[in-house]
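All remarks here apply to the structure that follows.
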Amino acid sequence: MFRTGSRRGHDQGPAPEALRLVKVTRTYGSDDSAVTALDGVTLGLGRGTFTAVMGPSGSGKSTLLHCAAGLDRPDSGIVRIDGTELTGGGEAELTKFRRGRIGFVFQQYNLLETLTVAQNTVLPLKLAGQRVDRRRAKEVLTSVGLGDRLGHRPDQLSGGQRQRVAIARALVTEPRVIFADEPTGALDTRSARDVLRLLQQAVRVHGRTVVMVTHDPVAASYADSVLFLADGRLAGRMDAPTPDAVAERLAHLGDDVAMGV
Amino acid sequence: MLAMRSIRHRPGRFLATLLSAFLGAAIIMTFNSMHDTAGQQGVDSTSSETLSTAAGVVGGYGTLLVFFAVASTLTVNVRQRAAELELLRCSGATPAQLKRMVVGEAVVVALVGAAMAIGPAMLGGRALLEMFQDSGQVAESVPYSFGTIAYVTGIDITLLASAGAAFLAVRRATRGQERRGGARRFLAYGALLVGTVSVASTFAFSASDAALMAPAAYGAILLSVGFAMLAPRLLEGVLNRLPLNGASGWLAVRNLRERAGQLAGILMSLILFTAVATATLTMQAVESDTVEALGITKSVDDKNLETLNFTVVGIIVVFVCVMLVNSLYAATSYRVREFGQQRLAGATPGQVLGTVGVEGLVLTVTGVLFGALAALAGIIPFTVVRSDGVLPGEVYGIGAAVVAVAAAVTLGTSLLTARRVLRVPAVGAVAVAS
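Protein sequences, first through last, are from chains A and B. Each residue of the first sequence is one higher than the last, beginning at 3 in the working numbering. Each residue of the second sequence is one higher than the last, beginning at 11 in the working numbering.
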């Protein structure tokens with residue numbers, strides 16, 4: 003498979019990009035009532051990085067995530083995941099493209115109620131027609147602290163536990179990029195911290211690339227860097243973020259845009 | 011108060027209930043207007059008897075069917091509004107108020123349905139009378155009448171059935187998942203036992219007995235009712251014996267197992283439909299063949315029986331089809347969020363449709379299997395006694411047609427609905443219901 007994790011430390015040159023967006027634009031609605039959610043966004047994220055995307059409501063965070071993850075199609079621009087360009091095509095094609103390349107973690111978990119924890123975890127493998135390694139599933143679930151809950155159903159778990167199942171599900175296919183949409187939005191602070199640490203681990207230990215949309219400065223501080231978004235455009239970047247610095251920057255985001263920076 | 015408002019704002023949601031109330035009321039009124047017609051002055055006794063029998067038999071069936079149809083649509087309706095009912099409860103509605111709201115809604119919808127049914131029922135009744143007159147079962151001179159009995163029974167039965175069904179549905183919903191399997195199982199086994207006895211008693215009759223068809227037909231129907239009540243457990247049994255591989259099959263089996271209880275209604279309709287249609291039509295065919303072979307012309311009684319058989323089957327087919335379409339459509343369109351989740355987990359639209367298809371197929375096979383079993387249990391004794399054969403040749407053709415209709419309705423409805431539901435983008439589908 004791919005061993006980005008172990009190689010990362012030795013590579014001196016620029017790491018191959020896990021995600022590349024070039025002039026991505028997405029408009030909703032038609033003519034009069036058209037809203038530009040993304041306005042020519044260009045960005046590149048290296049392998050093995052943990053990036054938070056922040057911005058006020060309506061800044062285009064979710065649209066950015068959906069376009070980058072192939073859940074939504076941009077009106078124009080290029081999206082490249084792990085060096086492969088996301089091209090048009092039907093939903094079936096996009097789904098096949100996402101399998102194995104992309105993992106998802108959502109605010110609302112999106113676990114299937116009819117399946118147990120273990121079954122939910124291996125579902126992406128089943129759907130991709132791969133052989134299901136029970137040992138591997140158990141291993142991943144143990145690593146998120148749910149090794150003793152394999153036979154439970156989602157409605158028997160707390161929010162934090164459900165989100166950890168979702169993370170296990172996202173990890174099990176060994177995707178190049180994991181997209182997380184407000185993963186801690188519905189969790190208490192302690193569960194949120196567990197979830198964020200797991201995402202961090204996915205990057206540091208397993209060498210995955212994580213892109214996380216959030217509005218919480220504390221959550222963002224777990225990332226290696228933060229990208230700020232305002233009115234559908236990139237409005238700055240912060241490396242090694244702290245909660246206070248992020249909050250401060252966020253508070254003045256509007257000013258920056260108004261000044262045209 | 012709440013009831014009126016909730017109907018005014020969501021008329022679409024009550025369409026299914028309205029349709030079953032409308033159809034039910036129409037059938038009840040159509041046949042009960044035969045009572046009115048028979049009760050007029052100057053109607054000869056043969057005509058009057060034919061009309062009363064038709065009204066009595068089909069009217070009874072009709073009441074049962076209305077109850078089942080309205081109950082099944084209302085149960086689905088109430089289940090899908092669990093969130094809304096929960097919200098109302100949280101904002102201070104007592105269980106009694108909720109009950110009043112749901113029952114009130116059902117009553118209003120039933121009234122509208124019954125009122126709408128009056129016109130079509132008059133036309134239907136007139137057509138029915140003409141049919142009887144054309145075949146010589148009723149004298150040409152008998153005029154059509156749509157009177158008190160038709161109005162009163164039609165409206166009352168529809169109202170009562172709706173209110174009762176709504177009451178049961180909301181009680182089940184507000185009480186939570188409390189299992190009362192004991193009584194149900196007792197009834198199911200009771201129906202199976204009585205059905206078997208009834209079928210077996212066919213052998214006690216002689217070939218020329220006029221009532222020969224009755225024990226076999228009722229036995230088959232009772233057996234199918236018994237199977238229908240055991241539907242969730244039968245489904246479980248079938249699932250355990252299925253070697254289904256592939257992602258779609260894997261998901262389908264797990265979904266069916268989880269939702270076995272909810273799918274019982276659909277399975278019930280399928281079993282009843284297969285059993286009643288196959289048994290009645292085949293027995294009628296055997297009867298006609300035998301009469302023809304003996305070279306006798308059919309008596310008025312024979313003709314009455316034939317007409318009744320065909321009408322009953324016709325009504326049941328239409329009703330069950332409507333119910334199946336109704337409940338499958340509701341159940342499938344309700345799954346928009348689940349389908350979205352499957353797609354986000356990496357399922358292509360084709361795989362989601364595949365899952366729905368396998369589910370529909372398993373349901374059809376299970377329903378048809380047990381329905382056919384019940385039907386055969388009635389057909390074989392009847393054929394043995396009446397015509398010295400064992401299995402009449404007609405059974406294959408009739409069976410195939412019944413299976414084709416069942417499969418087409420089940421698979422067609424669920425796949426078409428699922429395809430429509432899949433047009434919503436996955437992310438939107440997940441957000442809609444959350």
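Using N, Cα and C, we set each Cβ at its ideal position, and we do this for glycine too.
(message) Let me see if you follow: with CB-CB separation under 8 Å, is A:R210 close to chain B or not?
(response) no
(request) Please determine if the region 294-311 of chain B and the region 33-53 of chain B are in contact, where contact requires at least 3 C-beta pairs separated by less than 8 Å. (result) no
(request) Using alpha carbons as the reference points, say which of B:A226, B:A120, B:N87 lies closest to B:P391. (result) B:A226
(request) Mark B:L432 as exposed unless 16 or more other C-beta atoms lie within 10 angstroms of its C-beta, in which case mark it buried. (result) buried
(request) Taking all protein chains shown into account, decide if B:C100 is buried (16 or more other Cβ within 10 angstroms of its Cβ) or exposed. (result) exposed
(request) Report buried or exposed for A:P18, applying the criterion of at least 16 other Cβ atoms within 10 angstroms of its Cβ. (result) exposed
(message) By alpha-carbon positions, which one of B:L61, B:G34, B:Q361 ends up nearest to B:S258?
(response) B:Q361
(request) Using the Cα positions of B:N250 and B:A241, report the straight-line distance between them to the nearest angstrom. (result) Taking the straight line joining both Cα atoms gives about 14 Å.
(request) Take the Cβ of A:A39 as the centre, count every other Cβ of all protein chains shown within 10 Å, and call the residue buried at 16 or more, exposed below. (result) buried
(message) Can you find the residues in the same chain that come closer than 6 Å, C-beta to C-beta, to A:R210, ignoring five residues on each side of it along the sequence?
(response) I180, A204
(request) Would you decide whether A:T191 is buried or exposed? Buried here means 16 or more other CB atoms lie within 10 Å of its CB. (result) exposed
(request) Would you give the residue range spanned by the beta strand (DSSP E) that B:I306 belongs to? (result) No beta strand (DSSP E) contains B:I306, which DSSP labels as neither H nor E.
(request) Find the residues of chain A that neighbour B:Q272, judging by a C-beta separation of less than 8 Å, and give them in chain order. (result) For a Cβ distance threshold of 8 Å, nothing in chain A lies close to B:Q272: the least Cβ distance comes to about 11 Å.
(message) Distance cutoff 8 Å, beta carbons only. Does A:F106 sit that close to anything in chain B?
(response) yes
(message) In whole angstroms, give me the CA-to-CA distance for B:G114 and B:G356.
(response) Spanning the two alpha carbons is a distance of roughly 44 Å.
(request) Starting from B:T374, trace the alpha helix (DSSP H) both ways and give me its first and last residue. (result) 359-397
(message) Please report the straight-line C-alpha distance between A:P177 and A:A221, rounded to a whole angstrom.
(response) 22 Å
(request) Identify the contact partners of B:N265 in chain A, using a Cβ-Cβ distance below 7 Å as the criterion. (result) T116
(message) Relative to the C-alpha of B:V322, which candidate in B:S211, B:L379, B:G69, B:E59 has its C-alpha closest?
(response) B:G69
(request) Starting from the Cα of B:V88, find the closest Cα among B:L108, B:F77, B:F78, B:A103 and give me that residue. (result) The option with the nearest alpha carbon to B:V88 is B:L108.
(request) Give the secondary structure of A:V119 by DSSP, where H, G and I count as helix, E and B as strand, and everything else as coil. (result) helix
(request) Starting from the Cα of A:L173, find the closest Cα among A:R101, A:L88, A:T116, A:R133 and give me that residue. (result) The residue with the shortest Cα to Cα distance from A:L173 is A:R101.
(message) Below 8 Å on the Cβ atoms is my contact criterion, and I expect A:S61 with A:A232 to pass it. Report the Cβ-Cβ distance as a whole number of Å.
(response) In this structure, A:S61 and A:A232 form a Cβ contact; the two beta carbons are roughly 5 Å apart against a cut-off of 8 Å.
(request) Taking only beta-carbon positions, decide if B:R353 is within less than 8 Å of chain A. (result) yes
(request) Determine the burial state of B:G34: buried for a count of at least 16 other Cβ atoms within 10 Å of its Cβ, exposed for fewer. (result) buried
(request) Please list, in chain order, all residues of the same chain as B:Q351 whose beta carbon is under 7 Å from its beta carbon, the five residues on each side excluded. (result) V440
(request) Would you please state the rounded distance, in angstroms, between the beta carbons of B:G135 and B:S43? I believe it to be under 8 Å. (result) Yes, they are in contact, since the Cβ atoms of B:G135 and B:S43 sit about 4 Å apart, within 8 Å.
(request) Starting from A:S160, trace the beta strand (DSSP E) both ways and give me its first and last residue. (result) Segment: none, A:S160 is in no beta strand (DSSP E) and carries neither H nor E.
(request) Would you mind telling me which residues of chain A sit closer than 9 Å to B:A387, beta carbon to beta carbon, in chain order? (result) What B:A387 touches in chain A: nothing, since even the nearest Cβ is about 35 Å away.
(request) Report the neighbours of B:G360 on chain A: residues whose CB is nearer than 8 Å to its CB, in chain order. (result) A94
(request) Report the option in B:V378, B:R429, B:T73, B:A36 whose CA atom is closest to the CA atom of B:G174. (result) Among B:V378, B:R429, B:T73, B:A36, the Cα nearest to that of B:G174 is on B:T73.
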